[in-house]
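K.L.:
Here the protein sequences line up with chains A, B and C, keeping their order.
The first sequence begins at 1 in our numbering and counts up by one.
The second sequence begins at 1001 in our numbering and counts up by one.
The third sequence begins at 2001 in our numbering and counts up by one.
Can you read through this structure? Questions will come right after.
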Amino acid sequence: MINLALLILFLPLLSFALQIFFGRRFEDKKGEWVSVGIQFTTLIMSLAMFVMMISRNDPNFSLEMQKSWLDLGVFKIDLGVYIDNVTIIMLNVVALISSLVHLYSTAYMAGDVRYSRYFGFLGIFTFSMNGIVLSNSLFMIYMFWELVGLSSYLLIGHWWEKKSAADAAKKAFITNRVGDIGMFMGMMIIATVLGTFNFQLIADRILDGTWASNAGMLFGGIDPHKLLTIAGVLVFMGAVGKSAQFPLHVWLPDAMEGPTPVSALIHAATMVAAGVYLTVRIFPFLTADAMATIAFIGGFTALYAATIAITQNDIKKVLAYSTVSQLGYMVMALGTGAYVAGFFHLVTHAMFKGALFLASGSVIHAMHHSLHKLDDHQTDPQDMRNMGGLKAKMPITFGVFMVTTAAISGIPLFSGFLSKDAILAGTWTYAANVHDGWLANLHMAWILPVFGFGAAAITAFYMFRLIFMTFYGEAKKPDIFKHIHESPKVMTVPLVILAILSTFIVFTLPSVNPISDHGWFTEVVQSPETAVTTGAAFDLEHFEHGMHEAHVPAMVTSLIVAGLGILLSVLVYLLNKISAENLATKLGALYRGSLNKWYMDEFYINGIIRPFLKGCDAVGRFDLEFYDHYLINGWGRNTKRTSRGVGFADDLIVDGAVNFSGIIFQWLGWTLKFIQTGKIQNYLIFVLIGAAVLFAVNVY
Amino acid sequence: MDHLSSYLVLSAILFSLGLYTVVTRKNGVAILMGVELILNAANINFVAFSKFVTHTLDGHLISVFIIMLAAAEAAVALAIVLNLYNNRGHINVDEANALKQ
Amino acid sequence: MADFIFWVIWILIVVSAGLVAFGKNLIHSVFALMGTFLGVAGIYIFLNADFLAVTQIVVYVGGILVLLVFGIMLTNQISTAKISQSSVQRGLGLLVVLALLAILLTALLSHDWVGTTQPLAFEETARGIGRLLFTDYLILFEIASVLLLGALIGAATLARKEL
């Protein structure tokens, strides 16, 4: 099992090495299929692990192997692999999305300037994500975390000749770094207090009281419980960066500058999932306050990003903001303690969001070809206002879009409904039962279901808006429309596979009830025991029970709000009963705010970056105008004046003395120059004589 | 043989002979030989103190590093000597006095 | 017996090192140097340093000495086996070195080593050295490896014809 896992980990690295060192030579000779083959091999291996897991049917299964990596006596770091059911499911998701993206890319990226390098980068991206999934300690996760950051930088900036792509890559990297600083500090707090990075050991040592006894001593008498909250929130900051949570979400929409299959990989299975996965891993040692913070950030992000997605016209931007929103859902679920629901949504979301991105790629691909035929380089192939009526020309893409949109909107019979419903039931239960954490203390816990249901309604609205604008109605640009045709098989096959995986039956088996909240998933994944004994938000059994009770009311409410969203969308964009322009003018400020992403980028530029640069400027000007002008130059002017006076005196008295001593030293130098032979051995003798004298003084 | 002083005296003599070689020889390679004598004298001291006084292996480790250093030094010094020979046709150190100016 | 061997080695070292320092023929000096190195290896054995003794032979006799011989052969026209060498500032050098030696010896012998020190019985050292090398001395070990790499590159660069 461990060996299988290590193979899954390192095969993509092999693919990377092969493509980087030999890829160029085999570019015209189908060299990319080596990478595709390697990726599908890992998929088969992960599936084997999956089958073993299902047949074992043991929620408490875990395996760990570690080797000492750096041993400096007192300071010791181990690297190791930890496998449990969550790991196995995650490995499958990564391998599946990655191999489908590889396959899809062979057509989508055909003829690209850096074709082989692109496949190499996909390999290292998959490698680093597998590393995060398999690691057993915070330290190792951090290493692969940075590798993911690097490979995302490489892939987002794949077309670096375009300034916007290069900027987006930098933005993603730097924004992530902000979160990583927090994560690093959190890691270091934990390691300082407990002396380990290992997840299992951390949980054990918090449970047996090591934390409580060490924390106060090491951190100046701080309340250990508070320190644990701080450490948890700091580590979670890493997830805020990688999983694009408010306020560090700004990199994700810009990351759409990368090739579309890369967007699918980043946003469905790898990079953004890493943050949620990290939160899953640290879940056992989150305190009630930390969880309230996480839930609030997640919930706010879910609603906030959804409101932006409404007004975007770029097809990929809509999907990008919907990703941010859905990630907010997962994070909120983990924060409310609905561990299984949060991770479940990560998996279902990976399937339907992967499909959505690849399908949008298919549309963009078609638009691109059409524009290419017309020799039109001005029109934006990603703008939905240039599309319309594509349903007839691209039936497979349309079908996939329809299925996955239904899934993300939470319509029964599709996977998104199951996971979303579980999350909403979780927030409902949290609001009803929670008795600790700052949200509860401020009596604000009900804000989480409001965030959740609000985001659900808006999600349904904007996703159907996307469908109606793209696939229904009149073709807005008939000459472009003429040349549109369905994408090749290597692109549509991954789409169809992912669409099939977005149906309910895949996740509810062995039950075939489309609204069941039990299936193989809930059999193998169960909430871990929390290590925080004092001040837990609620006891787990009570919570599970509450989840079950909230299931039906949450489901009904979510169906109603989703239905309202879809209805509004149909009225506005399909039947044109309500004019979108009228709505926009009526809602003036709100519309403009959403269209401009609530001015978050402007806030960063005007609120942080500009003032900082201005501060630098001001300090520089102070230096130049005050310091240089008055102090340095003024000093100079005064000195010049004084010098002139002193000069006269110098000429007469001092110079005479100087010349006299000059003569003396000239004579001395002439005499002494015979010692300076330039021979190293003479000098050595002198040194030895000196040493001998010193020793002699000491000894005698 | 069981007295520290016999080793120390040996090391002192070896050191002095090495020093004399370094100071008086003209030939670059011969000077290098003197340096090796000095290093050997130091090694004997380290190991002797390790046996008689500290009773730990640290002296041995320092000696290992010194031997390693001597090897590196010999390689670089011989490269310099070869270079000197290529440029001047001899390796007499006392004539390499361009430093004088 | 062991005592006898010890003093033989002791004298061998002093005599051969003297030959290195005072010998007229460079080739003789090099071979005398080999005697010194082997003698020091013997001393290491008396000092319980089995690992160092072997290292001494391998590195010094097998490596450095060969390098020195190469250095001599590459820089002298060898027609006969006799390469005479000359010395500078012999009188002054001898004086200073003898003074230093005298100071060293007085300092050494004025201390009562016998009363204060205790010889250690023999134990094999390779295992211990290896363990220390990868724990307490790990950083030093890594730095040494970088230094060796630097010396390697430096020597290769310096020895090239066109510098």
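Ideal Cβ positions, reconstructed from N, Cα and C, are used throughout, including at glycine.
With DSSP as the reference, please indicate the residues paired to V80/A in a beta bridge.
P.N.:
Working through the first sequence from its first residue, we reach residue 80/A at position 80. The question names Val, but residue 80/A in the sequence shown is Gly. Looking at the DSSP assignment, G80/A forms a beta bridge with Q66/A.
K.L.:
List the residues of chain B whose Cβ lies closer than 8 Å to the Cβ of I2064/C, in chain order.
P.N.:
Taking the third sequence and counting its residues from 1, the one referred to as residue 2064/C is at position 64. Near I2064/C (Cβ distances below 8 Å), the residues of chain B are E1036, A1070, A1071, A1074.
K.L.:
Flag this pair as touching only if the segment 120–139 of chain A and the segment 87–107 of chain A have three or more C-beta atom pairs under 8 Å; answer yes or no.
P.N.:
yes
K.L.:
Which chain B residues are close to I689/A, counting only those with a beta carbon under 9 Å from its beta carbon?
P.N.:
Sequence index remark: in the first sequence, residue 689/A carries index 689 (1-based). Under a criterion of Cβ atoms nearer than 9 Å, no residue of chain B is adjacent to I689/A; the nearest Cβ is some 11 Å distant.
K.L.:
Candidates I653/A, G389/A, G361/A, L265/A: which alpha carbon is nearest L482/A's?
P.N.:
For the purposes of this step, residue 482/A is identified with residue 482 of the first sequence, where counting begins at 1. Residue 482/A is actually Lys in this sequence, not Leu. Of the listed residues, the one whose Cα sits closest to K482/A is G389/A.
K.L.:
Is the beta carbon of L2108/C less than 8 Å from the beta carbon of V1009/B?
P.N.:
Looking up residue 2108/C in the third sequence gives position 108. Looking up residue 1009/B in the second sequence gives position 9. In this structure, V1009/B lies closer than 8 Å to L2108/C by Cβ.
K.L.:
If the cut is a Cβ gap below 7 Å, which residues of chain A does L2092/C touch?
P.N.:
Position 92 of the third sequence, counted from the first residue, corresponds to residue 2092/C. Within chain A, the residues near L2092/C are I685.
K.L.:
Output the boundary residues of the alpha helix (DSSP H) element that contains A309/A.
P.N.:
Taking the first residue of the first sequence as 1, we reach residue 309/A at position 309. Residues 288–309.
K.L.:
Within its chain, find whatever has a CB closer than 7 Å to the CB of I222/A; leave out the 5 residues flanking it on each side and keep chain order.
P.N.:
Taking the first sequence and counting its residues from 1, the one referred to as residue 222/A is at position 222. Within its own chain, the residues whose Cβ lies closer than 7 Å to the Cβ of I222/A, once the five positions on either side in sequence are excluded, are A215, G216, listed in chain order.
K.L.:
Could you tell me the distance, in whole angstroms, from the CA atom of T530/A to the CA atom of L134/A?
P.N.:
As a first step, residue 530/A must be located in the first sequence, where it is residue number 530. As a first step, residue 134/A must be located in the first sequence, where it is residue number 134. So the alpha carbons of these two residues sit roughly 21 Å apart.
K.L.:
In the DSSP output, which residue or residues are listed as bridge partners for D254/A?
P.N.:
Within the first sequence, residue 254/A is the residue found at index 254, counting from 1. D254/A pairs with nothing; no bridge assigned.
K.L.:
Report all residues from its chain with a CB closer than 6 Å to the CB of T427/A; omit the five preceding and five following residues, and keep chain order.
P.N.:
For the purposes of this step, residue 427/A is taken as the residue at position 427 of the first sequence. For T427/A, where only same-chain residues beyond five positions count, the Cβ hits under 6 Å are T336, L448, P449, G452.
K.L.:
Examine chain A for any beta-carbon lying closer than 8 Å to the beta-carbon of L1022/B, and answer yes or no.
P.N.:
For the purposes of this step, residue 1022/B is taken as the residue at position 22 of the second sequence. Rather than Leu, the amino acid found at residue 1022/B in this sequence is Val. Yes, V1022/B lies at the interface with chain A (some Cβ there is under 8 Å from its Cβ).
K.L.:
Check whether the segment 1040–1054 of chain B touches the segment 1013–1029 of chain B, taking contact to mean three or more Cβ pairs, one atom from each stretch, closer than 8 Å.
P.N.:
The segment 1040–1054 of chain B, when compared against the segment 1013–1029 of chain B, does touch it at the 8 Å Cβ threshold.
K.L.:
Below 8 Å on the Cβ atoms is my guess for I308/A versus T470/A; work out the distance and round it to an integer in Å.
P.N.:
Here residue 308/A refers to the residue found at position 308 when the first sequence is read from its first residue. Here residue 470/A refers to the residue found at position 470 when the first sequence is read from its first residue. Taking 8 Å as the upper bound for CB-CB distance, I308/A and T470/A are not in contact here, some 19 Å apart.
K.L.:
According to the Cβ coordinates, are I706/A and A350/A closer than 8 Å?
P.N.:
Coverage of chain A is limited to positions 1 through 700, which leaves residue 706/A absent and any answer about it impossible.
K.L.:
I need the DSSP call for R1025/B, collapsed to helix, strand or coil.
P.N.:
Numbered from 1 along the second sequence, position 25 holds the residue referred to as residue 1025/B. Three-state DSSP puts R1025/B in a strand.
K.L.:
Give the straight-line distance between the Cα atoms of L624/A and N606/A, rounded to the nearest whole angstrom.
P.N.:
Against the first sequence, residue 624/A aligns to sequence position 624. Against the first sequence, residue 606/A aligns to sequence position 606. Distance between the alpha carbons of L624/A and N606/A: 25 Å.
K.L.:
Please state if the CB of A456/A and the CB of L413/A are separated by a distance shorter than 8 Å.
P.N.:
Taking the first sequence and counting its residues from 1, one reaches residue 413/A at position 413. Taking the first sequence and counting its residues from 1, one reaches residue 456/A at position 456. No, they are not a contact pair.
K.L.:
Around the C-beta of I467/A, are 16 or more other C-beta atoms found within 10 angstroms, so that it is buried, or is it exposed?
P.N.:
Start at 1 with the first residue of the first sequence, and residue 467/A comes out as number 467. Answer is buried; the Cβ neighbour count reaches 16.
K.L.:
Give the interface partners of A1012/B over in chain C, defined as CB-CB distance under 7 Å, in chain order.
P.N.:
As a first step, residue 1012/B must be located in the second sequence, where it is residue number 12. Going along chain C in sequence order, the residues near A1012/B (Cβ under 7 Å) are L2101, L2104, L2105, L2108.
K.L.:
Give me the residue from R114/A, Y115/A, A475/A, I54/A with the minimum Cα distance to N85/A.
P.N.:
Against the first sequence, residue 85/A aligns to sequence position 85. Nearest of R114/A, Y115/A, A475/A, I54/A to N85/A, Cα basis: I54/A.
K.L.:
Quick one: list the residues of chain A neighbouring V2088/C, beta-carbon separation under 9 Å, in chain order.
P.N.:
The residue labelled residue 2088/C in the question sits at position 88 within the third sequence. In chain order: K679, Q681, N682.
K.L.:
For H377/A, does the count of other Cβ atoms within 10 angstroms reach 16, so buried, or fall short, so exposed?
P.N.:
Mapped onto the first sequence, residue 377/A falls at position 377. It counts as exposed.
K.L.:
I believe T2125/C touches L1004/B by the beta-carbon criterion, under 8 Å. Please report the beta-carbon distance rounded to the nearest angstrom.
P.N.:
Within the third sequence, residue 2125/C is the residue found at index 125, counting from 1. Within the second sequence, residue 1004/B is the residue found at index 4, counting from 1. About 18 Å separates the Cβ atoms of T2125/C and L1004/B, ruling out a contact at the 8 Å cut-off.
K.L.:
If you follow the alpha helix (DSSP H) that W635/A is in, where does it begin and where does it stop?
P.N.:
If you number the first sequence from 1, residue 635/A lands on position 635. Run containing W635/A: 634–649, per the alpha helix (DSSP H) assignment.
K.L.:
DSSP on L1057/B, reduced to helix/strand/coil?
P.N.:
As a position in the second sequence, residue 1057/B is number 57, starting the count at 1. In the structure shown, L1057/B sits in coil (DSSP, three-state: anything other than H, G, I, E or B).
K.L.:
If you measure from the beta carbon of D71/A to each beta carbon in chain C, is any gap under 8 Å?
P.N.:
By one-based count along the first sequence, residue 71/A stands at place 71. Yes, D71/A lies at the interface with chain C (some Cβ there is under 8 Å from its Cβ).
K.L.:
Residues of chain C with a CB under 7 Å from the CB of L1044/B: which are they?
P.N.:
Your numbering for residue 1044/B matches position 44 in the second sequence. Strictly speaking, residue 1044/B in this sequence is Ile, with Leu absent from that position. Result: V2040, I2043.
K.L.:
Does the beta-carbon of S164/A have 16 or more other beta-carbons within 10 angstroms, so that it is buried, or is it exposed?
P.N.:
Counted from its first residue, the first sequence places residue 164/A at position 164. Exposed is the call here.
K.L.:
Decide if H372/A is buried, meaning its Cβ has at least 16 other Cβ atoms within 10 Å, or exposed.
P.N.:
In the first sequence, counting from the first residue as 1, residue 372/A sits at position 372. Result: exposed.
K.L.:
State yes or no: is the C-beta of A1012/B within less than 8 Å of the C-beta of L2104/C?
P.N.:
Counting from one through the second sequence, the residue named residue 1012/B turns up at place 12. Counting from one through the third sequence, the residue named residue 2104/C turns up at place 104. Yes, the pair counts as a contact, with Cβ atoms nearer than the cut-off.
K.L.:
Run the CB neighbour count on Y630/A, radius 10 Å, all protein chains shown included, and call it buried at 16 or more, exposed below.
P.N.:
Residue mapping note: residue 630/A aligns to position 630 of the first sequence, counting from 1. A residue is called buried once 16 or more other Cβ atoms fall within 10 Å of its Cβ, and Y630/A, having fewer, is exposed.
K.L.:
Would you say A696/A faces chain C, with C-beta separation under 8 Å as the test?
P.N.:
Start at 1 with the first residue of the first sequence, and residue 696/A comes out as number 696. It does; some Cβ of chain C falls within 8 Å.
K.L.:
Considering only DSSP beta bridges, list what T503/A is partnered with.
P.N.:
On the first sequence, residue 503/A is found 503 positions in, with the first residue counted as 1. Note: T503/A sits in a beta bridge opposite F414/A.
K.L.:
Can you check DSSP and say which residues form a bridge with S2087/C?
P.N.:
Counting from one through the third sequence, the residue named residue 2087/C turns up at place 87. Its beta-bridge partners are R1025/B.
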